[in-house]
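Heads up: the sequence lines are chains R and X, in that order.
Start counting the first sequence at 3; every next residue gets the next number (the numbering used here).
Start counting the second sequence at 21; every next residue gets the next number (the numbering used here).
Take a look at the structure below.
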Amino acid sequence: DIQMTQSPSSLPASIGDRVTITCRASQSINSYLNWYQQKPGKAPKLLIYSASSLESGVPSRFSGSGSGTDFTLIISSLQPEDFATYYCQQTSSLPSTFGQGTRLEIK
Amino acid sequence: EVQVVESGGGLVQPGGSLRLSCEVSGITFSYYWINWVRQVPGKGLVWISRVSSDGSAPSSADFVKGRFTISRDNARNTVYLQMKSLRADDVAVYYCATGPHWNPSVFQNWGQGTLVTVSS
C-alpha cells in the first residue's frame, strides 16, 4: 500500500495567514492526489483533485500543487471557516489511502 | 442538488452482521462509482470498498475481504455494504461517497455517515 504522510499534524494559524500543508507519498503517484477538508461532526469535502484542480464551488484561496511524491495545499488568506482538518488522498492505486490529517487551529 | 444518505448503522454484537445502505439522488446514479470510507471517531479516513457504475467491478481493502461485500441496485439508486463477522475494530462512522468515471476514487459527494458500534 502507498503510505501518505502529511505535515504538520497540527498547525496554529491566524485569520489572514498564508498556510501551507504538505503531503508526501511513499512512491510516485504522478498527480493522483486529492485534498479534503473536514469539520467536526461533518463529512469530508473535496477541495482539490488531480493535485491542482479546484473542485467546483471551492473558494479560489485554496490551491494545490505537486507531482510525483511531494504535494502542497495552500490557503492564501485564512478565513474563519477554514479552521478544520485537512486530508490528502492518493488515487494512483488501490487501496486508495489518506494522510493522517492536518488540524488547522486558531492561534 | 446531490444528496447521499447512508442508513443501517447501529449496535451489533461481536460476530454479528449489518447491512448499510447508501441512497443517492440528484445525479445520474448509474454513471457513478460508489465508495465506502470509514472513520473511527477522532481518527483518520480509511477507504473500504467501491463498486463500478454497473456493479461489475467491486473492490475492497484487504482488511475487509471475506467479511464485507459491496453491491448496488441502479433501479433503486442504492449501494449496499453487507458486513459480517463484525469486530470491535470495525467501530466507526461509515461514509458513502460518489466517484466519477474518470477517476472513481475522487470522492465528490459524501453522505453524513452512519455509525456502527460493535459491542456485547
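All C-beta atoms in this analysis are idealised placements derived from N, C-alpha and C, irrespective of residue type, glycine included.
All values reported here derive from a predicted model rather than from experimental measurement.
By the beta-carbon neighbour count (other beta carbons within 10 angstroms, threshold 16), Thr-48/X is exposed. By the criterion of a C-beta distance shorter than 8 Å, Arg-92/X is surrounded in its chain by Ile-54, Val-71, Gly-75, Thr-98, Val-99 and Tyr-100, once the five residues flanking it on both sides are discounted. Look at the stretch 12-44 of chain R: the residues with a C-beta under 7 Å from a C-beta of chain X are Asn-36. In terms of Cβ geometry, Val-24/X and Cys-42/X form a close pair [threshold 9 Å].
Taken in chain order, the members of the stretch 120-135 of chain X whose beta-carbon sits within less than 7 Å of a beta-carbon on chain R are Asn-123, Ser-125, Val-126, Phe-127, Gln-128, Trp-130, Gly-131, Gln-132 and Gly-133. Looking at the DSSP output, Ile-54/X sits in a beta bridge with Val-71/X and Thr-118/X. When DSSP states are grouped into helix, strand and coil, Phe-49/X belongs to the helix group. In the three-state reduction of the DSSP assignment, Val-60/X falls in the coil class, being assigned neither a helical nor a strand state. Here Val-21/R carries a strand assignment [DSSP, helix/strand/coil]. For Val-66/X, the nearest beta carbon of chain R is closer than 9 Å to its own beta carbon. Residue contact with chain R for Ser-79/X: present (Cβ-Cβ distance below 9 Å to some residue of chain R).
With the rule of 3 Cβ pairs closer than 8 Å, the stretch 25-32 of chain X does not count as touching the stretch 65-82 of chain R. Judged by DSSP secondary structure, Ala-45/R falls outside any beta strand (DSSP E); it is assigned neither H nor E.
For the stretch 57-77 of chain R, the set of positions with a beta-carbon nearer than 8 Å to some beta-carbon of chain X reads Glu-57 in chain order. Closest option to Gln-102/X, judged by alpha-carbon separation, among Ile-68/X, Trp-122/X and Val-44/X: Ile-68/X.
Residues of chain X with a Cβ closer than 8 Å to the Cβ of Tyr-89/R are, in chain order, Gly-64 and Leu-65. Looking at the DSSP output, Arg-26/R shares a beta bridge with Thr-7/R and Asp-72/R. As computed with DSSP, Phe-88/X is found in a beta bridge with Met-103/X.
Residues of the stretch 82-116 of chain X with a Cβ closer than 7 Å to any Cβ of chain R, in chain order: Tyr-115. Taken through DSSP and simplified to helix, strand or coil, Glu-107/R comes out as strand. Within chain X, the C-beta atoms nearer than 7 Å to that of Pro-97/R come from Trp-67 and Ala-81, in chain order.
Straight across, the Cα-Cα distance linking Ile-77/R with Phe-64/R is about 5 Å.
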